[in-house]
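Residue numbers (my numbering): 76 to 771.
Just so you know, even glycine gets a beta-carbon here, dropped at the ideal spot from N, CA and C.
The next block holds one structure in the form of structure tokens; read it before the comments.
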């Protein structure tokens, strides 16, 4: 019998129970039909997911991008049916046919949730632990967004107040990225974050006793989270009333992130498959599916059976969503009236536009002066910070080296932090020595929307970040990585800190644009272009020098990825067709420039091409690319202080590459460049070899 719910009571009818059991049956049927997948967790999690989508979350299935919505992240992405079935039941656009085509070509229900592919999926999950960190990033973004647009509202009264919900499995919490991110969340006191742990004790290799013995609840207590344990029902199922009460208590805790441990039995209530590792990643089999349907009171002869009563009931989420959004829009309209300037900023940011005149703030650097590109980047950030309030970010404890401090007087830190610059809505983020979590939280920040995020570390430590960098490229997220100390030029720290293979490895990620500016002016142009490209959705990695490099005249063609920095000259100093083209990036462009002077003195017309971004250059039309790298000129040299993998296609059979095909050493940068052959002499010699090869 139904009773009217209060703030603590749960209305839980027979139809609700039937809807949860329907979700379990659909999970079994979807996996059984395709023959592979992960049914067990979707079965046991059905009550929790149903509670969120039908009873607790503020969301509107008819408007999946509504600014005021709560967010839901399924970190345990292998259990994608947990999410897909709730999207179907609530009315996000998925229908039974989509569940029937689970994990098949062209379906809206791929094996793991994919952002931008299925309406209602907030982030791409699958690599375990990434969703936990994405949720932390979303919670951080929600706080920063509130600070931009409604900082003075009382807690819980702003149209920008909302909750981030995430479900994680045992595997998510074993991955190190979740530990990094959870530590950061506790430090930041993210009271708008609720993480539900599906504590089912099963992974692919069986009982988690094979690998884990720590007390996870105490771990989260140590992180500074509000922690609850939810007991099972007597029959072993998740108890919807206990879960409901725990989630409400978590929402009421606004000073700390909340962690809810829910002991479950995987594949409940399958008679033989429950609590087995087989139920984690395999179809249950026709006999077990039929037996489970009997236990749940479903016809074992029918598949994908959803009663009219159930779907009518769950699609009431559309009505509740419309009502919730209508109430929110009234509050939002009142906020707009009371805050016209902030509302104008919100509209501009929401539209992906930058403020008028922002480019005028970009610094110009004096030609000839030696400036480290990391220093130039820092000056750009500080200049743009004055006029682009939505731009924020920081570093993995390397701000002084990365030059990523956008505002020294304003640190993104919670109330109560003892540092004088602490501000819950601060501009500068201190990620701590957590590169992996930094990358993953940046993805969450970008996915949340309405701000622009960057984060810095040494280029060699991009290895720690590679999983979220790959996911950013996969999701087409406009995040920016400031990777400094980009070569052996960092010197005495030695081979552990000197990137060699990182540039080529990062360029291998589809959709990631690597930008390695030659000088300070190219760095400013690179930042300008990255900001302009925000709506195109590609992540960018800036590779910046520790050491000073000569500054050349600014050329807007740097935004095309490759351009003629110095043209070939004939005997009278007039531009002419080059006999050889020297291609350089970053700190090695100066070597190409010096080599050109020597070759020109020998009567060899030589062109220098600066190519800060191979990816941007590849976007240009063929006519432009041929104008920079004439097909008729076969003599070419590429020079870059890393492995030469990138450059073979640019120099061709007659070309030569001056590269570093081994690890570095501990010594002064000038010594290392000399000893490892990064000199104008080496580039000149390579040009002569290429000229000879081209003449054969």
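Secondary structure of residue 588, DSSP reduced to three states: Start at 1 with the first residue of the chain shown, and residue 588 comes out as number 513. Looking at residue 588 - three-state DSSP - the assignment turns out to be strand.
Run of the beta strand (DSSP E) containing residue 147, from where it starts to where it stops: Position 72 of the chain shown, counting from 1, holds the residue named residue 147. Per DSSP, residue 147 belongs to the beta strand (DSSP E) from 146-149.
Nearest neighbour of residue 213, chosen from 616, 147, 204, 535 [CA to CA]: As a first step, residue 213 is located in the chain shown; it is residue number 138 there, counting from the start. Just measuring C-alpha positions, the residue of 616, 147, 204, 535 sitting nearest residue 213 is 147.
Whether residue 243 touches residue 160 by CB criterion (7 angstroms): For this step, residue 243 is matched to residue 168 along the chain shown. For this step, residue 160 is matched to residue 85 along the chain shown. No, they are not a contact pair.
N-terminal and C-terminal residue of the alpha helix (DSSP H) that residue 466 is part of: Residue mapping note: residue 466 aligns to position 391 of the chain shown, counting from 1. Residue 466 -> not in any alpha helix (DSSP H); beta strand (DSSP E) instead, spanning 466-470.
Contact set for residue 82: own chain, Cβ-Cβ below 6 angstroms, skip 5 residues either direction: For this step, residue 82 is matched to residue 7 along the chain shown. Unreliable placement is indicated for residue 82, whose pLDDT of 45 sits below 50; the coordinate value is still reported in the next sentence. Excluding residues up to 5 positions away in sequence, nothing lies with its Cβ nearer than 6 angstroms to the Cβ of residue 82 in the same chain.
contact_flag[the region 191-208, the region 243-253] where n(CB pairs < 8 angstroms) is 3 or more: Short answer: they touch.
Cβ separation of residue 105 and residue 174, assumed to be a contact under 8 angstroms, to the nearest whole Å: Locating residue 105 in the chain shown gives position 30, where the first residue counts as 1. Locating residue 174 in the chain shown gives position 99, where the first residue counts as 1. Yes, residue 105 and residue 174 are in contact; Cβ-Cβ is about 5 angstroms, under 8 angstroms.
Boundaries of the beta strand (DSSP E) in which residue 273 is found, first to last residue: For the purposes of this step, residue 273 is taken as residue 198 along the chain shown, with counting starting at 1. Counting along the chain, the beta strand (DSSP E) containing residue 273 begins and ends at 268-274.
Element boundaries [alpha helix (DSSP H), containing residue 724]: The residue you call residue 724 lines up with position 649 of the chain shown. 723-726 is the span of the alpha helix (DSSP H), which, as asked, contains residue 724.
Alpha carbon of residue 49 to alpha carbon of residue 201, nearest angstrom: Shown here, the chain extends from 76 to 771; a query on residue 49 therefore has no answer.
Cβ neighbours of residue 76 in the same chain (closer than 7 angstroms, five flanking residues each side left out): By one-based count along the chain shown, residue 76 stands at place 1. Model confidence at residue 76 stands at a pLDDT of 22, short of 50, so the residue's coordinates are unreliable; what they give is reported in the following sentence. Closer than 7 angstroms at Cβ, skipping near neighbours: no residue.
Segments of 3+ residues assigned as beta strand (DSSP E) that fall wholly inside the region 507-553: 527-533
Beta-carbon proximity list for residue 579, same chain, < 7 angstroms, skipping 5 on both sides: Position 504 of the chain shown, counting from 1, holds the residue named residue 579. Excluding sequence neighbours, residue 579 sits near 717, 718, 720, 721.
Closest by C-alpha distance to residue 211, when choosing among 102, 167, 331: Within the chain shown, residue 211 is the residue found at index 136, counting from 1. Out of 102, 167, 331, 331 has the C-alpha closest to the C-alpha of residue 211.
Neighbour-count burial assignment, residue 114, 16 or more Cβ in a 10 Å radius: Numbered from 1 along the chain shown, position 39 holds the residue referred to as residue 114. Result: buried.
Continuous beta strand (DSSP E) stretch holding residue 241: start and end: For the purposes of this step, residue 241 is identified with residue 166 of the chain shown, where counting begins at 1. Counting along the chain, the beta strand (DSSP E) containing residue 241 begins and ends at 239-244.
Coarse secondary structure for residue 305, derived from DSSP in three states: Here residue 305 corresponds to residue number 230 of the chain shown, with the count starting at 1. Here residue 305 sits in strand by DSSP.
Cβ pair count under 8 angstroms reaching 3, the region 709-716 against the region 653-663: As far as the Cβ criterion goes, the region 709-716 touches the region 653-663, which means the pair count is three or higher.
Buried or exposed by the 16-neighbour rule on C-beta atoms within 10 Å, applied to residue 84: The residue labelled residue 84 in the question sits at position 9 within the chain shown. Exposed: under 16 other Cβ atoms inside 10 Å.
Inter-residue Cα distance where the pair is residue 287 and residue 601: Translated into the one-based positions of the chain shown, residue 287 becomes position 212. Translated into the one-based positions of the chain shown, residue 601 becomes position 526. Computed Cα separation, rounded: 46 angstroms.
Inter-residue Cα distance where the pair is residue 437 and residue 686: As a working note, residue 437 is residue 362 in the chain shown. As a working note, residue 686 is residue 611 in the chain shown. If you take the alpha carbons of residue 437 and residue 686, they lie about 21 angstroms apart.
Check: residue 279 C-beta below 6 angstroms from any heavy atom of the ligand NAP: The model on display carries no ligand, and the ligand NAP is accordingly not part of it.
Span of the beta strand (DSSP E) around residue 711: The residue you call residue 711 lines up with position 636 of the chain shown. Segment 711-714, the beta strand (DSSP E) holding residue 711.
Residue 343 versus 329, 309, 316, 322, residue with shortest Cα-Cα distance: Reading the chain shown from its first residue, position 268 is the one you call residue 343. Closest option to residue 343, Cα to Cα, is 309.
Residue interval of the beta strand (DSSP E) (run including residue 558): As a first step, residue 558 is located in the chain shown; it is residue number 483 there, counting from the start. Counting along the chain, residue 558 sits inside the beta strand (DSSP E) bounded by residues 555-559.
Cβ pair residue 199, residue 587 closer than 7 angstroms: Walking along the chain shown from the start, residue 199 turns up at place 124. Walking along the chain shown from the start, residue 587 turns up at place 512. Not in contact: residue 199 and residue 587 (Cβ atoms no closer than 7 angstroms).
Limits of the beta strand (DSSP E) - the one that residue 337 falls within: Position 262 of the chain shown holds residue 337. 333-338 is the span of the beta strand (DSSP E), which, as asked, contains residue 337.
Local Cβ density within 10 Å of residue 274, reported as buried at 16 or more and exposed below that: Numbered from its first residue, the chain shown carries residue 274 at position 199. That one is buried.
Spatial distance of residue 463 from residue 646 (CA atoms): For this step, residue 463 is matched to residue 388 along the chain shown. For this step, residue 646 is matched to residue 571 along the chain shown. Cα-Cα distance, rounded: 49 angstroms.
Option in 155, 750, 181, 138 with minimal Cα separation from residue 166: Numbered from 1 along the chain shown, position 91 holds the residue referred to as residue 166. Of 155, 750, 181, 138, the residue nearest in Cα terms is 138.
Burial state of residue 523 (16 or more Cβ within 10 Å): Counted from its first residue, the chain shown places residue 523 at position 448. Residue 523 is buried by the Cβ-count criterion.
For residue 87, the nearest candidate out of 567, 110, 154, 126 (CA to CA): To locate residue 87, count along the chain shown from 1; it is residue 12. Of the listed residues, the one whose Cα sits closest to residue 87 is 126.
When 642, 690, 632, 550 are compared against residue 191, the one with the closest alpha-carbon: Along the chain shown, one-based indexing puts residue 191 at 116. The shortest Cα separation from residue 191 among 642, 690, 632, 550 belongs to 550.
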